[in-house]
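Residue numbers (the numbering used here): 1159 to 1754. Every residue, glycine too, gets a C-beta built ideally from N, C-alpha and C. Structure, as C-alpha cells:
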RNA sequence: CGGGGCGUGGCGCAGUUUGGUAGCGCGGGUGCUUUGGGAGCACUAGGUCGCAGGUUCGAAUCCUGUCGCCCCGACCA
C-alpha cells in the first residue's frame, strides 16, 4: 500500500476529547473516527490491526477444535425473557439497546449471545454423542454503557469474540476451561501483549468459576491484586486475603459510654484512643432484588475494613436465591421518604432491631437481611454503636449482643494484605484492562432456555456450558496503552497494520525513488506487509508519521541511495543501521519471520 | 441519574465579563524558495458562532428552552 493512497490524515494536536494515551494516539494516527458517543468507525489502518488480531484468535481457537459461526445482532425479546435477563438488561440496567419492529414485536441488539446460541444448540444437539461442541463468533456487539469512555476501551458498539461450549458433564466442561485458558494465553502472547490472568467475579452472567485476562496498564479500570510470589492474582472484586493491622481490645466487663457527636470511626478513635480495628462498623444498605423487592441489608464489618459490594451482592443473591439488580448505601433522603428517620445513624449496632422497618413502604421488606464479615465475627471484644444516639458500647462481644446473620467474606482485599496460600506472601496492586474472560457457566442458561440433550441412559439433561470472550477492539487499544512512547504507537509486529514502511526521503531524487520502489516491490514479493511513503512531503513529516502510526520497521531510501545503501530502523529500540539495500531486505525478512 | 466543564471553518483554540460588520495556530489549494525529524514567504478557499425562541436599532456575546460532547461519581457478561 502507498501512503499517498491511504486516506491517511494525522493530527499534530492532541484531540480535546481523548484522555488516555492510547485513545489520543488512535485518533491522532487516523485509526479511528468517532461518529457519536461511544461509537467509532474503524479506518483502514485500524481495520488491518483488527483483522490481524482476529486471524490469531481464529487460528488458536481452530487448533482447539472450535467452530466459527456468525450470529444475529438483533435478538427477539422472548429468548431474553426466557433466560430472565430481558427486564434487567432493558429496564433495570438499561444496558441493552432495544426497539420494536413494525409489528410491535420487541427486539434487542445483542450485548452477548448466550441466549441465541443456547437456543440453537438445544435444537441441534440432541444426543451426548454430538458433544462436546464449542462454537464461536467474532462480531459487533452493543451495550448502551452508562458512561462510554476512553475510545474503544468502553464503547457502546464494539467487536468481540464470544465462544460457547456445550458438554454432557461437568468434568468435560472443566477440561475445556483449562484448554481455553491455554488458547487465551497463546493468543495474547502472539499478539505481543503482557497479560495477567486473575480470579474474577462472574457477575450478572453467573456461573461457578471465572477468570479474567488483564492487560496491565495504569489507565486500567480494574484494580487487581497479585501476590508477591506470583502464585495468586485476583480482581479486587473477588480477591480473598488476610487483612493486617488488627489491634486486640482486652476482654473486660461491657459498658456503655457517652460519645456525643462522634458518629464516625475517625471521631470515635480520636476522642477515645481506640483503634479502628477494635470497632465493629455497621452499614445499612438497600438491595433492589428482582421482582422489584427492596431489601434492607445490615452488615457488620471491622472498623478498619472496607465493604466489597460485589461480594456482598453475591452473598445476598445466594441467600435469597434471587438476582440482585442494584445495591446502594441507604441515603438519608430515602429514610425520610419512608418515615424511618429515627434510625440512629452513626450509632448503629449489629443488633439494630427490625422494628425500625415497621413503617417502611415502597416495596421495602420489613426486616434486615444481616451479614457479618468474618473480620468482625472473629473479634472477641469490641466497640460498637448502641443503637441510641451519642452512645457506644465498649468491651462488648457477640454472645452478649446476640449474633444474628450470616458470617461471610464481604471485605475489600487491599494491597499489603497477606495471601491465603502463604503467610509470607503479600498482595500488591496493579491496574488492569480486561480483555478476556472465561466462565464455567454450568447449567443456568441451558435450564432456563430448555436446552436439553439425551444422555447415555436415555434421559433428558440440560447442557453443561462454558463461555469465553475476548474484546477484540479493546485488545487493539490496550496493546497501544501498553506499547507506546512520546513519538507514537509501538505496535507489536504480529498485530501492526503494516510490518515495515519504506520512506523515500526526497521524492524529487530519482535515485532515492527508484531504490525505495525496488525495495518495496521486493518485500511485497516476499510476502511482507509493506507500506511505502511516496508522498511529496519533506522527510521529517514522513518520519513523524511513520513513528506516530507505529510501524515496527522503517527503511529509509535517502542520501546514501547513490551507493545503494539504506537505513534500517527498529521503531521500538530505535536502533538504526546503514546497510546495502539487499542486506537490509534479507535482514528484514529474517527479523519479521522470527517474530510473527 | 448526581456533580463539573465545553459547543466558534477539517483539528486545536481566542473572542462572551463590558452587545457594534468573526479572529489566531495547524490543516487544505496555488506559486516561488527549501528538502533527513511535523520548512519559509506570498496569495487563496472555507464558518447560518450546536439548535430554537426572546430582549435589542444591533446578539457568538444578554435571557429562556433544547440538543450534543467531555470529565468525576454512581454503574459496568
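Member of the options whose CA lies at the smallest distance from the CA of residue i
i            : options                : result
residue 1187 : 1642, 1514, 1225       : 1642
residue 1450 : 1522, 1466, 1477       : 1522
residue 1509 : 1555, 1484, 1516       : 1555
residue 1692 : 1675, 1353, 1333       : 1675
residue 1484 : 1465, 1453, 1507       : 1453
residue 1477 : 1192, 1528, 1733, 1679 : 1528
residue 1636 : 1208, 1579, 1274       : 1208
residue 1396 : 1662, 1570, 1743, 1720 : 1570
residue 1628 : 1211, 1593, 1650, 1383 : 1593
residue 1825 : 1713, 1366, 1730, 1399 : Here the chain comprises residues numbered 1159 to 1754, so residue 1825 is not present and cannot be evaluated.
residue 1748 : 1210, 1686, 1735       : 1686
residue 1445 : 1317, 1525, 1271, 1405 : 1525
residue 1660 : 1403, 1258, 1728       : 1728
residue 1286 : 1278, 1266, 1324       : 1324
residue 1750 : 1682, 1471, 1379       : 1682
residue 1334 : 1417, 1624, 1172, 1566 : 1624
residue 1517 : 1498, 1504, 1533, 1531 : 1498
residue 1170 : 1403, 1551, 1185, 1738 : 1185
residue 1232 : 1212, 1273, 1388, 1754 : 1273
Same chain, Cβ closer than 6 Å to residue i, five either side skipped, listed in chain order
i            : result
residue 1647 : 1183, 1638, 1708
residue 1132 : This structure leaves residue 1132 out entirely; the chain is present only between 1159 and 1754.
residue 1535 : 1565
residue 1735 : 1726
residue 1460 : 1435, 1533, 1534
residue 1694 : 1665
Cβ-based neighbour list, residue i, same chain, cut-off 8 Å, excluding 5 preceding and 5 following
i            : result
residue 1500 : 1514
residue 1294 : 1219, 1224, 1225, 1226, 1227, 1319, 1320, 1321, 1322, 1626
residue 1419 : 1425, 1548
residue 1391 : 1354, 1355, 1356, 1357, 1382, 1383, 1384, 1385
With 16 other Cβ atoms within 10 Å as the buried cut-off, status of residue i
i            : result
residue 1292 : buried
residue 1740 : exposed
residue 1284 : exposed
residue 1349 : buried
residue 1180 : buried
residue 1699 : exposed
residue 1217 : exposed
residue 1174 : exposed
residue 1632 : buried
residue 1431 : exposed
residue 1557 : exposed
residue 1263 : exposed
residue 1257 : exposed
residue 1393 : buried
Inter-residue spacing [alpha-carbon to alpha-carbon] between residue i and residue j
i            : j            : result
residue 1591 : residue 1177 : 15 Å
residue 1506 : residue 1440 : 6 Å
residue 1193 : residue 1163 : 23 Å
residue 1678 : residue 1742 : 12 Å
residue 1511 : residue 1429 : 28 Å
residue 1665 : residue 1340 : 49 Å
residue 1598 : residue 1462 : 34 Å
residue 1343 : residue 1368 : 15 Å
residue 1447 : residue 1605 : 21 Å
residue 1398 : residue 1582 : 15 Å
residue 1434 : residue 1456 : 19 Å
residue 1242 : residue 1603 : 9 Å
residue 1471 : residue 1260 : 39 Å
residue 1466 : residue 1240 : 31 Å
residue 1752 : residue 1651 : 10 Å
residue 1487 : residue 1519 : 17 Å
residue 1415 : residue 1552 : 7 Å
residue 1214 : residue 1614 : 37 Å
Cβ neighbours of residue i in the same chain (closer than 7 Å, five flanking residues each side left out)
i            : result
residue 1301 : 1253, 1269, 1314
residue 1475 : 1481, 1482
residue 1275 : 1229, 1293, 1322
residue 1573 : 1383, 1585, 1586, 1587
Query raised in the report: Do the region 1611–1623 and the region 1417–1428 make contact, defined as three or more Cβ pairs closer than 8 Å?
Result: At 8 Å Cβ cutoff, the stretches do not touch.
Query raised in the report: Is the number of C-beta pairs between the region 1353–1361 and the region 1325–1333 that are closer than 8 Å three or more?
Result: No, they do not touch.
Report task. Decide if the region 1576–1593 is in contact with the region 1533–1551; the criterion is three or more beta carbon pairs, one per stretch, under 8 Å apart. Result -> With the cut-off at 8 Å, the region 1576–1593 and the region 1533–1551 do not touch.
Report task. For the region 1404–1422 and the region 1664–1671, state whether three or more C-beta atom pairs, one from each stretch, are separated by less than 8 Å. Result -> Contact fails: fewer than three Cβ-Cβ distances are below 8 Å.
**Report entry** Segment contact flag, the region 1562–1577 with the region 1238–1249, C-beta cutoff 8 Å, min 3 pairs
**Finding:** These segments do not touch.
Query - Sufficient close CB pairs (3 or more, under 8 Å) joining the region 1194–1203 to the region 1231–1242 - result: No, the region 1194–1203 does not touch the region 1231–1242.
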